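Asker: Residue numbers (the numbering used here), protein chains in the order written: chain B, 1 to 384; chain L, 385 to 513. Idealized CB from N, CA, C, for every residue including glycine. What you are looking at is a predicted structure, and each value in this text was computed from that prediction instead of being measured.
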Amino acid sequence: MSGLKRGSVAVVGAAESDLGQVAPHTSPVDLMAQATMRALDDCGLKLSDIDGVFSAATQVRTAPMTLAEYLRIKPKYFDGTAIGGSSFMAHVAHAQAAIEHGLCDVALVAYGSTQRSVSRAAASPREPNPYENPYRPFMPSSAYAMSASRHMHQYGTTREQLAEVAVAARKWALLNPKAWEKEPLTVEQVLKARMVSYPFTVRDCCLVVDGGGAIILTSAARAKTLKKKPAYVLGVGESLSHANISSMPDLTVSAAAVSGPLAYKMAGLKPSDINMLSLYDAFTITPILFLEDLGFCPKGEGGRFVQNGTIAPGGKLPVNTSGGGLSYCHPGMYGLLVIIEAVRQVRGECDKRQVKSCETAIAHGNGGVLSSQCTVIFGSEATV
Amino acid sequence: MPDLMKQSPYGVFLEHCKKGELAYQVNKDDGKAFFYPRAVAPGTGSANLEWRVSKGMGTVYATTVVYTKDQPPHNVVLVDVDEGFRMMSRVEDIDPLEVKIGMRVKVKMHPGDDKQPTYPVFTPAGGGK
Chain B
1 MSGLKRGSVA VVGAAESDLG QVAPHTSPVD LMAQATMRAL DDCGLKLSDI DGVFSAATQV
61 RTAPMTLAEY LRIKPKYFDG TAIGGSSFMA HVAHAQAAIE HGLCDVALVA YGSTQRSVSR
121 AAASPREPNP YENPYRPFMP SSAYAMSASR HMHQYGTTRE QLAEVAVAAR KWALLNPKAW
181 EKEPLTVEQV LKARMVSYPF TVRDCCLVVD GGGAIILTSA ARAKTLKKKP AYVLGVGESL
241 SHANISSMPD LTVSAAAVSG PLAYKMAGLK PSDINMLSLY DAFTITPILF LEDLGFCPKG
301 EGGRFVQNGT IAPGGKLPVN TSGGGLSYCH PGMYGLLVII EAVRQVRGEC DKRQVKSCET
361 AIAHGNGGVL SSQCTVIFGS EATV
Chain L
385 MPDLMKQSPY GVFLEHCKKG ELAYQVNKDD GKAFFYPRAV APGTGSANLE WRVSKGMGTV
445 YATTVVYTKD QPPHNVVLVD VDEGFRMMSR VEDIDPLEVK IGMRVKVKMH PGDDKQPTYP
505 VFTPAGGGK
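1. Give me the Cα-Cα distance between valine 369 of chain B and proline 140 of chain B, rounded to the nearest whole angstrom.
2. Can you tell me the Cα-Cα spacing of serine 128 of chain B and asparagine 244 of chain B, whole angstroms?
3. With 16 as the cutoff for other CB atoms within 10 Å, does glutamine 391 of chain L come out buried or exposed?
4. For a quick check, are the C-beta atoms of tryptophan 180 of chain B and cysteine 329 of chain B less than 8 Å apart?
5. Where threonine 385 of chain B and glycine 302 of chain B are concerned, what is the direct C-alpha to C-alpha distance, given to the nearest angstrom?
6. Mind listing the chain B neighbours of tyrosine 451 of chain L? Cutoff is C-beta to C-beta under 9 Å, in chain order.
7. Compare the C-beta of methionine 146 of chain B with all C-beta atoms of chain L and state if any pair is closer than 8 Å.
8. Under three-state DSSP, which class holds leucine 103 of chain B?
9. Closest Cβ-Cβ distance between glutamine 409 of chain L and chain B: below 8 Å?
10. Let me see if you follow: with CB-CB separation under 8 Å, is histidine 330 of chain B close to chain L or not?
11. Do we get a CB-CB distance below 8 Å when we pair threonine 507 of chain L with the residues of chain B?
12. What are the partner residues of serine 48 of chain B, as DSSP defines its beta bridges?
13. Could you tell me the alpha carbon to alpha carbon distance between leucine 162 of chain B and glutamate 341 of chain B, rounded to whole angstroms?
14. State yes or no: is the beta carbon of leucine 251 of chain B nearer than 8 Å to at least one beta carbon in chain L?
15. For chain B, is any of its Cβ atoms less than 8 Å away from the one on leucine 481 of chain L?
16. Along chain L, in chain order, which residues have C-beta atoms closer than 8 Å to that of arginine 6 of chain B?
17. What residue range is occupied by the uninterrupted beta strand (DSSP E) comprising phenylalanine 138 of chain B?
18. Per DSSP, threonine 447 of chain L forms a beta bridge with which residues?
19. Who does threonine 218 of chain B pair with in a DSSP beta bridge?
20. At a cut of 8 Å, does the stretch 290-305 of chain B reach the stretch 322-336 of chain B through at least three beta carbon pairs?
21. Between the alpha carbons of serine 147 of chain B and alanine 256 of chain B, how many angstroms are there, rounded?
22. Below 8 Å on the Cβ atoms is my contact criterion, and I expect threonine 383 of chain B with glutamine 345 of chain B to pass it. Report the Cβ-Cβ distance as a whole number of Å.
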């Protein structure tokens with residue numbers, strides 16, 4: 001992503017749609033539209049100001065087109081990049097490119113899903129694949145479970161260490177009134193929950209809920225004139241490594257090891273400069289991989305790193321302060337909500353879970369089966 | 385270029401399966417094996433491809449056990465086949481939780497059924513760690 005300018009654009013509006021279990025027959029685009037109007041209200045812009053639309057959703061094949069019709073806007077720029085849950089980090093990068101080049105001025109990135117209401121099988125039907133489907137992997141869980149099996153084999157990572165990730169997420173969720181989960185969780189409870197795909201129990205797996213979100217981006221110059229503090233885009237990095245898990249070169253190394261350094265380079269920052277991490281936690285293994293691949297601990301040490309509450313409230317590195325996909329909300333492609341939490345932390349809007357003096361935050365997205373990895377680094381006014 | 389009007393990569397693979405053979409392709413330009421079967425070689429786009437039949441021996445690279453309602457648990461593995469390619473499969477004739485990384489396995493054909501054509505699975509071959 002060389003060529004993009006550090007801090008040239010900012011997220012100026014951010015909002016979730018209704019989350020959890022929405023009313024019967026609500027459509028994913030209803031949720032996108034609701035979130036869009038909330039995000040516009042957040043920054044003080046109008047629907048007619050939007051001239052760029054970026055969207056992807058498993059239930060809406062032509063998401064930018066369908067959303068533009070629903071909102072009855074005619075964007076001059078649109079992008080439906082669909083690479084799973086990290087699509088929205090890619091959209092941020094692509095929106096930055098479009099805004100820098102004058103292709104649009106106000107970009108909307110939106111997402112919606114009703115996977116809890118209609119079932120995951122209906123929301124994300126599995127594609128035909130004669131080389132994998134006969135073995136009935138429970139996807140995506142089984143792919144991540146096999147990654148965990150390698151991490152445990154190579155580095156001695158334990159199920160208890162995986163469970164620590166879920167416990168930390170739950171502790172954060174209890175500080176977030178919008179979180180789906182409301183009760184405390186222990187390592188014991190994670191280990192004894194219903195087994196899904198060994199070594200994962202249902203508590204190692206993200207939630208299956210309805211929900212969506214929207215963010216609004218514009219140039220740094222325009223951002224300064226709007227209602228809220230801008231969350232500047234300091235760095236972006238995008239990487240694809242494979243589509244199917246059987247084609248992933250090394251199940252213990254994700255392409256975050258590529259996207260992270262790209263984002264750091266553009267931002268002129270290193271891991272120790274980052275105040276807060278929003279990491280796509282589809283399963284308990286993913287924050288462990290991303291902490292390693294984004295440079296917060298050596299490869300193989302992620303399991304030991306998360307022990308003793310390191311990433312929980314009061315720990316030394318705040319990770320997934322919303323409660324994450326494990327305990328706050330996971331509507332299928334969770335990446336947009338990963339971004340929203342990082343934006344709110346940089347703006348200082350997180351109330352009980354606010355990270356003190358949070359000037360920089362990483363929003364890291366994961367898509368497919370560890371397939372696509374995209375990293376965005378946000379910074380406050382003080383960083384630009 | 386391959387003539388996709390006459391045969392498909394999966395079509396050829398399946399014909400081999402019906403003969404009890406695990407087939408894979410080699411890019412003759414660089415001698416590298418690859419899987420899954422393709423119309424052109426990954427990385428180079430070469431159409432100078434050759435089908436070969438594996439000796440059927442491999443090592444478990446990664447493993448999981450899937451728990452589903454109303455059915456006994458089953459394992460899903462990634463196998464590094466000796467000829468130099470990796471594939472998804474299942475190890476049969478063993479408690480699924482006893483399938484370990486590093487275990488040596490040997491291919492056999494699962495007959496499939498009305499909906500699922502025959503496909504390769506593995507069975508413990510003894511040895512490995």
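Answerer: Let me spell this out:
1. As a first step, residue 369 of chain B is located in the first sequence; it is residue number 369 there, counting from the start. As a first step, residue 140 of chain B is located in the first sequence; it is residue number 140 there, counting from the start. When rounded, the distance between both Cα atoms is 6 Å.
2. In the first sequence, counting from the first residue as 1, residue 128 of chain B sits at position 128. In the first sequence, counting from the first residue as 1, residue 244 of chain B sits at position 244. The question names serine, but residue 128 of chain B is proline in the sequence shown. Using only the alpha carbons, I get a separation of about 12 Å.
3. One-based indexing of the second sequence puts residue 391 of chain L at position 7. The residue in question, glutamine 391 of chain L, is exposed, as its Cβ has fewer than 16 Cβ neighbours within 10 Å.
4. Indexing the first sequence from 1 puts residue 180 of chain B at position 180. Indexing the first sequence from 1 puts residue 329 of chain B at position 329. A contact, by the Cβ cut-off of 8 Å.
5. With chain B covering 1 to 384 only, the question about residue 385 of chain B has no answer from this structure.
6. Here residue 451 of chain L refers to the residue found at position 67 of the second sequence. Simply Phe138, Arg194, Met195, Val196, Ser197 and Tyr198.
7. As a working mapping, residue 146 of chain B is identified with position 146 in the first sequence. Yes, contact with chain L.
8. Walking along the first sequence from the start, residue 103 of chain B turns up at place 103. Note: leucine 103 of chain B maps to coil in three-state DSSP.
9. Residue numbering aside, residue 409 of chain L sits at position 25 when the second sequence is read from its first letter. So no, glutamine 409 of chain L is outside the interface.
10. Translated into the one-based positions of the first sequence, residue 330 of chain B becomes position 330. It does not: the Cβ of histidine 330 of chain B has no partner Cβ on chain L nearer than 8 Å.
11. Along the second sequence, one-based indexing puts residue 507 of chain L at 123. Cβ-Cβ to chain B under 8 Å: no for threonine 507 of chain L.
12. What you label residue 48 of chain B is simply residue 48 of the first sequence in a count that begins at 1. None, per the DSSP bridge assignment.
13. Reading the first sequence from its first residue, position 162 is the one you call residue 162 of chain B. Reading the first sequence from its first residue, position 341 is the one you call residue 341 of chain B. Roughly 23 Å between the two C-alpha positions.
14. For the purposes of this step, residue 251 of chain B is identified with residue 251 of the first sequence, where counting begins at 1. The beta-carbon of leucine 251 of chain B is placed less than 8 Å from the nearest beta-carbon of chain L.
15. Sequence index remark: in the second sequence, residue 481 of chain L carries index 97 (1-based). Output row for leucine 481 of chain L: interface = yes.
16. Position 6 of the first sequence holds residue 6 of chain B. None at all; the shortest Cβ gap to chain L is about 33 Å.
17. Here the question's residue 138 of chain B lines up with position 138 in the first sequence. Note, phenylalanine 138 of chain B: premise wrong, no beta strand (DSSP E); not H, not E.
18. The residue labelled residue 447 of chain L in the question sits at position 63 within the second sequence. L/Val461.
19. Looking up residue 218 of chain B in the first sequence gives position 218. According to DSSP, which records beta bridges pairwise, threonine 218 of chain B is partnered with B/Ala10 and B/Val106.
20. no
21. For the purposes of this step, residue 147 of chain B is taken as the residue at position 147 of the first sequence. For the purposes of this step, residue 256 of chain B is taken as the residue at position 256 of the first sequence. Rounded to the nearest whole angstrom, the CA to CA distance from serine 147 of chain B to alanine 256 of chain B is 15 Å.
22. Taking the first residue of the first sequence as 1, we reach residue 383 of chain B at position 383. Taking the first residue of the first sequence as 1, we reach residue 345 of chain B at position 345. Their Cβ separation, rounded to whole angstroms, is 13 Å, which puts threonine 383 of chain B and glutamine 345 of chain B out of contact at 8 Å.
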